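Q: Protein chains in written order, with the working numbering: chain U, 3 to 114; chain D, 861 to 976.
1. To the nearest angstrom, how far is it from the Cα of residue 930 (chain D) to the Cα of residue 891 (chain D)?
2. If you follow the beta strand (DSSP E) that residue 47 (chain U) is in, where does it begin and where does it stop?
3. Is the beta carbon of residue 949 (chain D) sitting closer than 8 Å to the one on residue 911 (chain D)?
4. I'd like to know whether the C-beta of residue 910 (chain D) is nearer than 8 Å to at least one C-beta of chain U.
5. Span of the beta strand (DSSP E) holding residue 41 (chain U)?
6. Could you please tell me which residues of the segment 41 to 53 of chain U, in chain order, have their CB closer than 9 Å to any CB of chain D?
7. Check whether the Cβ of residue 60 (chain U) lies closer than 8 Å to any Cβ atom in chain D.
8. I'd like to know whether the C-beta of residue 27 (chain U) is nearer than 8 Å to at least one C-beta of chain D.
9. Would you check if there are 3 or more beta carbon pairs closer than 8 Å linking the segment 87 to 95 of chain U to the segment 881 to 889 of chain D?
10. So, helix, strand or coil for residue 943 (chain D), using DSSP?
11. Counting only beta-carbon separations shorter than 8 Å, does residue 913 (chain D) have a partner in chain U?
12. Under 8 Å Cβ to Cβ from residue 959 (chain D), same chain only, skipping five residues before and after it: list those, please.
13. For chain U, check one thing: does any of its Cβ atoms lie closer than 8 Å to the Cβ of residue 863 (chain D)?
14. Residues in the same chain with beta-carbon distance under 6 Å from residue 878 (chain D), minus the five sequence neighbours each way, listed in chain order, please.
15. I'd like to check one pair, residue 68 (chain U) with residue 75 (chain U): are the Cβ atoms closer than 8 Å?
16. Determine whether the beta carbon atoms of residue 975 (chain D) and residue 941 (chain D) lie at a separation below 8 Å.
17. With a threshold of 8 Å between beta-carbons, can residue 85 (chain U) be considered close to chain A, or not?
18. Within its chain, find whatever has a CB closer than 7 Å to the CB of residue 4 (chain U); leave out the 5 residues flanking it on each side and keep chain order.
19. Give a yes or no on whether the C-beta atoms belonging to residue 47 (chain U) and residue 39 (chain U) are separated by under 8 Å.
20. Taking the alpha-carbon positions, what's the residue 917 (chain D) to residue 51 (chain U) distance?
21. Where does the unbroken beta strand (DSSP E) through residue 895 (chain D) begin, and where does it stop?
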């Protein structure tokens, strides 16, 4: 049974800092892994999706990596800005299922 | 705007009421999902439809009844809910091919449901 864990649960950093958010999953037979951000009271916004055959994906200041053997994905945010403040969620989909299992998220606050 | 809309955005209902949540996607996707988001818990997948066929029912109580009349619309019919069903209900869609959902999910803004 797939379980997804995100550490830390909350993080505060000064503006301009580079930071890494972590996502761990127990079943390495994943089909893909997706990172989202969620602003308070809102839906989820897709940031990056990594297929199981890929090692990383980049979009602007964001870079997500995937290491299936260790059951880990990281989201790297370069030169953080106050507008990056949100909750970041990762979701893993195991091979052979339609289920996406979500972590509980990392609540990020970037201080101006 | 993600191309996925949900109505209503807020709903308050009593335990004996019957109501429906609506989701519509304008992205040409043919897989649609219902999720429940409760405070301090991970998002829970409730149902998945691919090519209008239900392919996942994640042990959801029968007081929640989904309906997918076509690939653009998804409903969640609610009946005799409990206060613990109060949550944010999120709809998502993704492309699918040959009955398999392959790619990224796009979410709607959610319906905040309160059961009194």
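Glycine residues also receive a C-beta, built at the ideal position from the N, C-alpha and C atoms. These numbers come from a predicted model, not from an experiment.
A: Walking through what the data contain:
1. Going from the Cα of residue 930 (chain D) to the Cα of residue 891 (chain D) covers about 10 Å.
2. Taken as a continuous stretch (DSSP letters only), the beta strand (DSSP E) holding residue 47 (chain U) covers 46 to 53.
3. Cβ atoms of residue 949 (chain D) and residue 911 (chain D): not closer than 8 Å.
4. Yes, residue 910 (chain D) counts as interfacial toward chain U.
5. In the DSSP annotation of this structure, residue 41 (chain U) is not part of any beta strand (DSSP E), being labelled neither H nor E.
6. From the segment 41 to 53 of chain U, only 43, 44, 45, 46, 47, 48, 50, 51, 53 have a Cβ closer than 9 Å to chain D.
7. Taking a beta-carbon distance threshold of 8 Å, residue 60 (chain U) does not count as an interface residue toward chain D.
8. Contacts with chain D at 8 Å (Cβ-Cβ) do not include residue 27 (chain U).
9. Touching, no.
10. Three-state result, residue 943 (chain D): helix.
11. Not flagged as an interface residue toward chain U: residue 913 (chain D), since no C-beta distance is shorter than 8 Å.
12. In this predicted model, residue 959 (chain D) has a pLDDT of only 43, less than 50, meaning its place in the structure is not dependable; the value taken from the coordinates is given anyway. Counting only residues of its own chain and dropping the five nearest sequence neighbours on each side, residue 959 (chain D) has a CB closer than 8 Å to the CB of 910, 911, 913, 915.
13. So, not an interface residue.
14. Within its own chain, the residues whose Cβ lies closer than 6 Å to the Cβ of residue 878 (chain D), once the five positions on either side in sequence are excluded, are 939, listed in chain order.
15. Taking 8 Å as the Cβ cut-off, residue 75 (chain U) and residue 68 (chain U) qualify as a contacting pair.
16. A contact, by the Cβ cut-off of 8 Å.
17. No chain A appears in this structure, whose protein chains are U and D.
18. So the list reads 27, 28, 29, 94, 96, 103, once near-sequence residues are dropped.
19. Yes, the Cβ-Cβ distance between residue 47 (chain U) and residue 39 (chain U) is below 8 Å.
20. Rounded to the nearest angstrom, the gap between the Cα atoms of residue 917 (chain D) and residue 51 (chain U) is 24 Å.
21. Note, residue 895 (chain D): beta strand (DSSP E), 891 to 897.
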